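Right, one structure below, let's go through it.
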DNA sequence: GGAACCATGCAGAATAATTGCATGATCGAC
DNA sequence: GTCGATCATGCAATTATTCTGCATGGTTCC
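Protein chains in written order, with the working numbering: chain A, 1202 to 1511; chain B, 1202 to 1511.
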């Protein structure tokens, strides 16, 4: 996808200062130096005839005028994205760089086939895949370093109402229960999450998305899990399970190493899922490369596709 | 008012090429050289990854992609204008240059008092008034050389649907009949346009707005005028009237030199008017300086104000 | 066929943006 | 309090970008 021509880059600088809170952090995100950022914001402020930044502590704070500008900037960027999308749709052979990003599992299981498919259908596009946490995915979208992101919702993730992004539910990734081989639950024909209420649990570190996900799932199923261990990677968790330290929940999308464990699909209404969202910059959802990528991901996935119109 | 920051100036260049048809004319309007315009358009095209201009005869023609870009550019500019307006409304003391323009009569009768009033209310604003034909007024708005224009509708004027402009009816300027002193019509207590059906008429040159205006008025009143002479300036027309060559219609707003003529207000339903419109760039209508200027013009005018919401 | 007009490319000039450091100011820790 | 860390900004030098002036090649009109 092309970079932001159309909108003056000074606005992007201001937006980055707003996003990252400090001039220095904005500079880092833009691959600039702090003094360049400072200079450009000052310049924008002069051209607009208003103050945009005010010193606050050792950093800066946005003025009311800056917030006005940023609110309108969202509209501008969305319109620019729609333009790029429309142009790409009218051109026979889109050209340029298209970057997909997504959290670990998505990056390993969903993005490579989609990218490969796109490369075949649009040979003149250079494709790039970045594995990044959801929060960083949104940063990548905003800075133009990525064009489509697969994310899950976390507490740090922008809300759906954020006018800078489009977030569309893409598919639901159900969670499987992983138990050691020969575990009592493997003898049941159908396993419900509540069946595992008395087991020792292995969850993510407090505060992580995975921790919340498991906790919420258990609460919904009607019990508070007995937390025996913490593990933040599937590999670690699976190893603990294999050695009989407890059980874990893993998304279907996640591939596990070869351990003596059994993956049990969960049934019942409370069967927990991890919802995968497709995020773009506002206005970029209809870009032909975006729709092609999402189509491919939806159609090739064995997971339930969310047919919701966000 | 501030110049166009926010939107990349390359878009303005493309818009100017579209508006003026040739690279050379666009360059002139932007105070650039043709090669600079050519360079910038090429650059925009490269950044967007599309062709924007194609050679056509000895000039250039816009591609479909260029038209797509321009359609979106209209939205961008409108949003930028709304931003400027909102910023100016939040700032206690607007600063900068504010330019009013209008056709001759408006420039001499309506703009000076409005400008004077603005200068008093906004001392830090530099005011500028430009007298220009309606068509050029729109060019001035587009190029940012003017911020508010008083125009009348002509055949060359952009239609109300043009998304680059806001055109709001401001006031109706009724046309008076000008006859020599002692003319038979001066003895009537009320004069209808139809009463002048048999007089020799002095109108503008064919094709001018004034010509159309008079012709339409007469047609509406139910007669085809007997055109004896053509005069494009009030001064000339009045002189001809004074010497008994015929009669003319002049807008109430127009001041006439001291000739032995009588101005007769017209009554009746068919009483012709010249509608004065206030034009701004799209989105600029709510700028505090614009609203202040229009308020002043409306309130100080003895002419019927159009209370229409355009 | 020639003159006028138009767009574009290129080298050099003018302009603008960016860096690298130095300064001053604030905050937290000890 | 004082020191070190963090942050923003200003300035001079460097670097990148943009613009001009002219030359070229194509097109139209007379």
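From the three backbone atoms N, C-alpha and C, an ideal C-beta is built for every residue, glycine too. Note that the coordinates shown come from a computational prediction; the quantities given were computed from them, not determined experimentally.
Query raised in the report: So is residue 1266 of chain B in contact with chain A if we call contact Cβ pairs under 7 Å?
Result: yes
Query raised in the report: Quick one: Cα of residue 1362 of chain A to Cα of residue 1369 of chain A, how far?
Result: 12 Å
Query raised in the report: From A:1432, A:1210, A:1285, pick the residue whose C-alpha is nearest to that of residue 1344 of chain A; which is it?
Result: A:1210
Query - Same chain, Cβ closer than 7 Å to residue 1290 of chain B, neighbours up to 5 away in sequence not counted - result: 1489
Report task. Using a Cβ cut-off of 8 Å, pull out every chain B residue sitting near residue 1483 of chain A, in sequence order please. Result -> Within chain B, no residue comes near residue 1483 of chain A; the closest Cβ sits about 13 Å away, beyond 8 Å.
Report task. Rounded to whole angstroms, what's the CA-CA distance from residue 1511 of chain A to residue 1431 of chain A? Just pull it up for me. Result -> Because residue 1511 of chain A carries a pLDDT of 41, less than 50, the predicted location of this residue cannot be relied on, and the following value inherits that uncertainty. Near 35 Å, if we compare the C-alpha coordinates of residue 1431 of chain A and residue 1511 of chain A.
Query raised in the report: Which runs of the alpha helix (DSSP H) spanning at least 4 residues fall entirely within the stretch 1460–1507 of chain B, listed in chain order?
Result: 1489–1501
Query raised in the report: Counting Cβ pairs closer than 8 Å, one from the stretch 1330–1349 of chain B and one from the stretch 1296–1310 of chain B, do we hit at least three?
Result: yes
Query - Short-range partners of chain A found in the stretch 1261–1289 of chain B, where Cβ spacing is below 9 Å - result: 1265, 1266, 1269, 1270, 1272, 1273, 1274, 1276, 1277, 1280, 1281, 1283, 1284, 1285, 1287, 1288, 1289
Query raised in the report: Which value, in whole angstroms, describes the spacing of the CA atoms of residue 1465 of chain B and residue 1446 of chain B?
Result: 17 Å
Report task. Work out the CA separation of residue 1239 of chain B and residue 1206 of chain A for me, nearest whole Å. Result -> 17 Å
Requested in this report: Give the DSSP-derived three-state secondary structure of residue 1286 of chain A in the structure shown.
Outcome: helix
Query raised in the report: With 16 as the cutoff for other CB atoms within 10 Å, does residue 1319 of chain B come out buried or exposed?
Result: buried
Query - Status (buried if at least 16 other CB within 10 Å, exposed otherwise) for residue 1267 of chain B - result: buried
Query raised in the report: Near residue 1410 of chain B, which residues of its chain fall below 6 Å by C-beta distance, leaving aside the five closest residues on each side in sequence?
Result: 1355
Query raised in the report: On the three-pair Cβ rule with 8 Å, is the stretch 1246–1264 of chain B touching the stretch 1255–1264 of chain A?
Result: no
Report task. Quick one: using the 10 Å Cβ neighbour count with 16 as the cut-off for buried, is residue 1325 of chain A buried or exposed? Result -> exposed
**Report entry** Where the stretch 1302–1317 of chain A meets chain B: residues whose CB sits under 7 Å from a CB there
**Finding:** none
Query raised in the report: Who are residue 1435 of chain A's beta bridge partners in DSSP?
Result: According to DSSP, which records beta bridges pairwise, residue 1435 of chain A is partnered with nothing at all.
Requested in this report: Give the interface partners of residue 1420 of chain A over in chain B, defined as CB-CB distance under 9 Å, in chain order.
Outcome: None at all; the shortest Cβ gap to chain B is about 45 Å.
Query raised in the report: In terms of residues, what are the limits of the alpha helix (DSSP H) holding residue 1310 of chain B?
Result: 1305–1310
Query raised in the report: For residue 1236 of chain B, which residues does DSSP report across the bridge?
Result: BP columns for residue 1236 of chain B are empty, so no partner.
Query raised in the report: Which residues in chain A sit within 9 Å of residue 1211 of chain B, going by Cβ to Cβ distance?
Result: 1206, 1207
Query raised in the report: Under 7 Å Cβ-Cβ, which residues of chain B neighbour residue 1251 of chain A?
Result: 1288, 1292
Report task. Report buried or exposed for residue 1202 of chain A, applying the criterion of at least 16 other Cβ atoms within 10 angstroms of its Cβ. Result -> buried
Requested in this report: Note the first and the last residue of the continuous alpha helix (DSSP H) segment covering residue 1335 of chain B.
Outcome: 1335–1344
Requested in this report: Could you name the residues of chain A that residue 1245 of chain B contacts, counting a contact when the two beta carbons are closer than 8 Å?
Outcome: 1206
Query raised in the report: In terms of residues, what are the limits of the beta strand (DSSP E) holding residue 1255 of chain A?
Result: 1254–1257
Query raised in the report: Is the beta carbon of residue 1482 of chain A less than 7 Å from the beta carbon of residue 1328 of chain A?
Result: no
Query raised in the report: Cα-Cα, which of B:1310, B:1278, B:1323, B:1315 is closest to residue 1297 of chain B?
Result: B:1323
Requested in this report: Identify whether residue 1398 of chain B lies in helix, strand or coil by the three-state DSSP scheme.
Outcome: coil
Query - Contact under 7 Å by Cβ, residue 1471 of chain A with residue 1425 of chain A - result: no
Report task. Using a Cβ cut-off of 9 Å, pull out every chain A residue sitting near residue 1297 of chain B, in sequence order please. Result -> 1250
**Report entry** Cβ pair residue 1271 of chain B, residue 1264 of chain B closer than 7 Å
**Finding:** no
Query raised in the report: Tell me which same chain residues have a C-beta within less than 8 Å of the C-beta of residue 1493 of chain B, skipping the five on either side of it?
Result: 1318, 1319, 1322, 1323
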